[in-house]
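Converting from the sequence shown to the working numbering requires adding 4 to each position, the first position being numbered 1.
Every residue gets a Cβ at the ideal spot worked out from N, C-alpha and C, and that includes glycine.
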Amino acid sequence: MSIEDKDMSEIIESDFDEPDRKNWIAWAFTILCIAIGVVVLTKFIPAIIASDDAGTQEPLEDIVEVPVYYVENMDGLHLNDTDFDIANYYFRNEYEYNHYYIDDDNVLWGVGDNSDGQLGNGNRSSYESTPQKMAENVIHVDGAPFFVIYLTESGELYGVGANQNGLMGLENPYGREWIYYDDIVATTPVCLMSDVKYARASQSGIVALKNDGSVWWWGQIRNTSAKHPDDTIGCSYSEPTKMLDDAIYVTCGSFCMAAIKEDGTLWTWGNNTFGSCGYDSKNQDFIEEPVKVLDDVKMVWMDEVRFEKAKPYAESESAEGNDDYNYTYVTFAEKKDGSLYACGKYVDGKGSKIWDFKLYGDTLRTPEEYMDDGLHRPVELVYSDRFQRIQFKEKKD
Numbered sequence: 005m006s007i008e009d010k011d012m013s014e015i016i017e018s019d020f021d022e023p024d025r026k027n028w029i030a031w032a033f034t035i036l037c038i039a040i041g042v043v044v045l046t047k048f049i050p051a052i053i054a055s056d057d058a059g060t061q062e063p064l065e066d067i068v069e070v071p072v073y074y075v076e077n078m079d080g081l082h083l084n085d086t087d088f089d090i091a092n093y094y095f096r097n098e099y100e101y102n103h104y105y106i107d108d109d110n111v112l113w114g115v116g117d118n119s120d121g122q123l124g125n126g127n128r129s130s131y132e133s134t135p136q137k138m139a140e141n142v143i144h145v146d147g148a149p150f151f152v153i154y155l156t157e158s159g160e161l162y163g164v165g166a167n168q169n170g171l172m173g174l175e176n177p178y179g180r181e182w183i184y185y186d187d188i189v190a191t192t193p194v195c196l197m198s199d200v201k202y203a204r205a206s207q208s209g210i211v212a213l214k215n216d217g218s219v220w221w222w223g224q225i226r227n228t229s230a231k232h233p234d235d236t237i238g239c240s241y242s243e244p245t246k247m248l249d250d251a252i253y254v255t256c257g258s259f260c261m262a263a264i265k266e267d268g269t270l271w272t273w274g275n276n277t278f279g280s281c282g283y284d285s286k287n288q289d290f291i292e293e294p295v296k297v298l299d300d301v302k303m304v305w306m307d308e309v310r311f312e313k314a315k316p317y318a319e320s321e322s323a324e325g326n327d328d329y330n331y332t333y334v335t336f337a338e339k340k341d342g343s344l345y346a347c348g349k350y351v352d353g354k355g356s357k358i359w360d361f362k363l364y365g366d367t368l369r370t371p372e373e374y375m376d377d378g379l380h381r382p383v384e385l386v387y388s389d390r391f392q393r394i395q396f397k398e399k400k401d
């Protein structure tokens, strides 16, 4: 019989003896199992790996539940910018106190209180409702209660108004105990510093960043809400004093200052009564020399999360809820990975601290320093001197 005349069973019977048939069947079954296993693993291994990776990340519910701080304009914060450009942080429309604005021709105008000559028109008056031309070639302005500073295209920093502790470069005959006196003022602009890249004004101080990366601060930090009632003045310099080098950005709140260095480290100094500097200063109210508090930082804000005002002056002035964006004694930081953090007054989180105080106006006193006259109730105050994870949201009208 030829091979063509045989069916498959006969071929197997003739070509394989019984042991060979068993081995062939075993090998075939093994190969089939391996093939099935490869298909199954190919399908499910990516899901397993993704599940393991997810376990190393912060759970979504933790991100959603972190405290929310509302801001007026998310787009104006430049959170998604990858390149740092100092021009993004210039103020051209500012009215926390007076209204100062820079027009399209880079002319600076001012409206409002002129009792300390802060409108720069050469005299002192209670109020000016007509815009006063203050300067030309201006790229940035920042106002304080009794003075204003502005930066020109050529990098010159000018100031006008009250001379608080030598702010305007005028003599200070009263010493550091005086934060405000109205008999020494600059009613016309004074050049305070040259070769300046950026500057900000605190309640009674100025912080400036020069083109060489050096940071300078002068003025005075005085805060009656201190742990020690007899030690309410700190960080007092009557002339520009160099604080640190290699910086790319500076800012300040009413009572604290901050700088970001080229390496992404964040440095702070000023009043730390409520942990606003993000540093455990123990029983010390003021940090007079900058301290490193955070790494990999992209941006920092103090008291308010904004740069220039987002809305026109008249509209915002009459709008309700502007205080919703005011977080005095709170410092915010954005890290380079996009995560957001806050420290300071009323910031609650892991490691936050609690004080029991008696509140006298703007002055806090501990229970031991309180005379029980029945007029002042205890205040339980939560604060954090370490940065806690937070999120920003824009409040819709």
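Review point. Within 10 angstroms of its Cβ, does ILE358 collect 16 or more other Cβ (buried), or is it exposed?
Key: Along the sequence shown, read from residue 1 onward, the residue named residue 358 stands at position 354. Burial call: exposed.
Review point. Across which residues does DSSP place SER129 in a beta bridge pair?
Key: Taking the first residue of the sequence shown as 1, we reach residue 129 at position 125. According to DSSP, which records beta bridges pairwise, SER129 is partnered with ASN118.
Exercise for review: Confirm, please, whether the CB-CB distance from GLY274 to CYS260 is below 8 Å.
Suggested key: Numbered from its first residue, the sequence shown carries residue 260 at position 256. Numbered from its first residue, the sequence shown carries residue 274 at position 270. Cβ distance < 8 Å, so CYS260 and GLY274 count as in contact.
**Study point:** Whole-angstrom distance between SER158 and SER198, CA atom to CA atom
**Key:** If you number the sequence shown from 1, residue 198 lands on position 194. If you number the sequence shown from 1, residue 158 lands on position 154. Distance between the alpha carbons of SER198 and SER158 is about 8 Å.
Point to revise | Pairwise C-alpha distance: LEU248 and ASP389 | key: As a working note, residue 389 is residue 385 in the sequence shown. As a working note, residue 248 is residue 244 in the sequence shown. C-alpha separation (whole angstroms): 22 Å.
Review point. Alpha carbon to alpha carbon, how far is GLY163 from VAL194?
Key: Along the sequence shown, read from residue 1 onward, the residue named residue 163 stands at position 159. Along the sequence shown, read from residue 1 onward, the residue named residue 194 stands at position 190. Between GLY163 and VAL194, the C-alpha separation is close to 5 Å.
Practice item. State the DSSP-derived secondary structure class of ILE237, mapped to helix, strand or coil. Key: Taking the first residue of the sequence shown as position 1, residue 237 is located at position 233. ILE237: strand per DSSP, three-state reduction.
Practice item. Could you spell out where the beta strand (DSSP E) holding PHE290 opens and where it closes? Key: What you label residue 290 is simply residue 286 of the sequence shown in a count that begins at 1. Note, PHE290: beta strand (DSSP E), 290–298.
Review point. What span of residues does the beta strand (DSSP E) with ASP146 cover, start to end?
Key: Walking along the sequence shown from the start, residue 146 turns up at place 142. Unbroken beta strand (DSSP E) run through ASP146: 142–147.
Check your understanding: Taking the alpha-carbon positions, what's the GLY348 to ASP107 distance?
Key -> Translated into the one-based positions of the sequence shown, residue 348 becomes position 344. Translated into the one-based positions of the sequence shown, residue 107 becomes position 103. Computed Cα separation, rounded: 36 Å.
Exercise for review: Can you tell me which of the three DSSP states ASN169 falls into?
Suggested key: Translated into the one-based positions of the sequence shown, residue 169 becomes position 165. Helix, per DSSP.
Exercise for review: Indicate whether SER242 and GLY147 have their beta-carbon atoms separated by less than 8 Å.
Suggested key: Counting from one through the sequence shown, the residue named residue 242 turns up at place 238. Counting from one through the sequence shown, the residue named residue 147 turns up at place 143. Not a contact, by the Cβ cut-off of 8 Å.
Check your understanding: Excluding five sequence neighbours on each side, which residues of the same chain lie with their C-beta closer than 6 Å to the C-beta of ASP186?
Key -> The residue you call residue 186 lines up with position 182 of the sequence shown. Same-chain partners within the cutoff: there are none.
Point to revise | Cβ contact (3+ pairs, closer than 8 Å) linking the stretch 257–271 and the stretch 302–310 | key: yes
Check your understanding: By how many angstroms is the C-alpha of ARG128 removed from the C-alpha of SER119?
Key -> If you number the sequence shown from 1, residue 119 lands on position 115. If you number the sequence shown from 1, residue 128 lands on position 124. Roughly 5 Å separates the two Cα atoms.
Practice item. May I ask whether a heavy atom of the ligand GDP can be found less than 7 Å away from the beta carbon of LYS397? Key: Of ligands this structure carries none, so the ligand GDP is not represented either.
Check your understanding: Start and end of the beta strand (DSSP E) containing GLY268?
Key -> As a working mapping, residue 268 is identified with position 264 in the sequence shown. Where GLY268 is concerned, there is no enclosing beta strand (DSSP E), given that its DSSP letter is neither H nor E.
**Study point:** C-alpha distance - PRO100 paired with ASP299, whole-angstrom precision
**Key:** By 1-based counting over the sequence shown, the position of residue 100 is 96. By 1-based counting over the sequence shown, the position of residue 299 is 295. With the sequence shown as reference, residue 100 is identified as Glu, and Pro is not the correct amino acid for it. Each residue's alpha carbon lies about 31 Å from the other.
Check your understanding: In or out: ALA139 buried (at least 16 other Cβ within 10 Å) or exposed?
Key -> As a first step, residue 139 is located in the sequence shown; it is residue number 135 there, counting from the start. The residue is buried, with at least 16 neighbouring Cβ atoms inside 10 Å.
Review point. Expressed to the nearest angstrom, what Euclidean distance is found between the alpha-carbon atoms of ASP267 and TYR317?
Key: Position 263 of the sequence shown, counted from the first residue, corresponds to residue 267. Position 313 of the sequence shown, counted from the first residue, corresponds to residue 317. Roughly 37 Å between the two C-alpha positions.
Practice item. Over the uninterrupted beta strand (DSSP E) stretch that includes MET303, give me the two end residues. Key: Residue mapping note: residue 303 aligns to position 299 of the sequence shown, counting from 1. Start and end: 301–308.
**Study point:** Close Cβ partners of VAL297 (< 6 Å) along its chain, the five nearest in sequence each way excluded
**Key:** Position 293 of the sequence shown, counted from the start, is the residue given in the question as residue 297. Closer than 6 Å at the Cβ level, and outside the excluded window around VAL297, lie LEU270, THR272, GLY282 and TYR283.
Point to revise | Proximal residues to GLN136 (C-beta, below 8 Å), its chain only, five neighbours per side dropped | key: For this step, residue 136 is matched to residue 132 along the sequence shown. Contacts found: TRP113, GLY114, VAL115, ASN118, LEU123, GLY124 and ASN125.
Review point. What first and last residue would you give for the beta strand (DSSP E) that runs through GLN224?
Key: Taking the first residue of the sequence shown as position 1, residue 224 is located at position 220. First-last of the beta strand (DSSP E) with GLN224: 219–226.
Exercise for review: Go ahead and label VAL383 buried or exposed: buried means 16 or more other beta carbons lie within 10 angstroms of its beta carbon, across all protein chains shown.
Suggested key: Along the sequence shown, one-based indexing puts residue 383 at 379. Counting Cβ neighbours within 10 Å, VAL383 comes out exposed, since fewer than 16 surround it.
Review point. Given a threshold of 16 other Cβ atoms within 10 Å of its Cβ, counted over all protein chains shown, does PRO149 qualify as buried or as exposed?
Key: For this step, residue 149 is matched to residue 145 along the sequence shown. By the 10 Å Cβ count, PRO149 comes out buried.
Exercise for review: Specify the secondary structure class of VAL189 as computed by DSSP and reduced to three states.
Suggested key: As a working note, residue 189 is residue 185 in the sequence shown. Here VAL189 sits in strand by DSSP.
Check your understanding: Who are the Cβ neighbours of ALA166 in its own chain at under 6 Å, not counting the five residues just before and after it?
Key -> Here residue 166 refers to the residue found at position 162 of the sequence shown. Here the set comprises ASP120, PHE150, PHE151 and VAL189.
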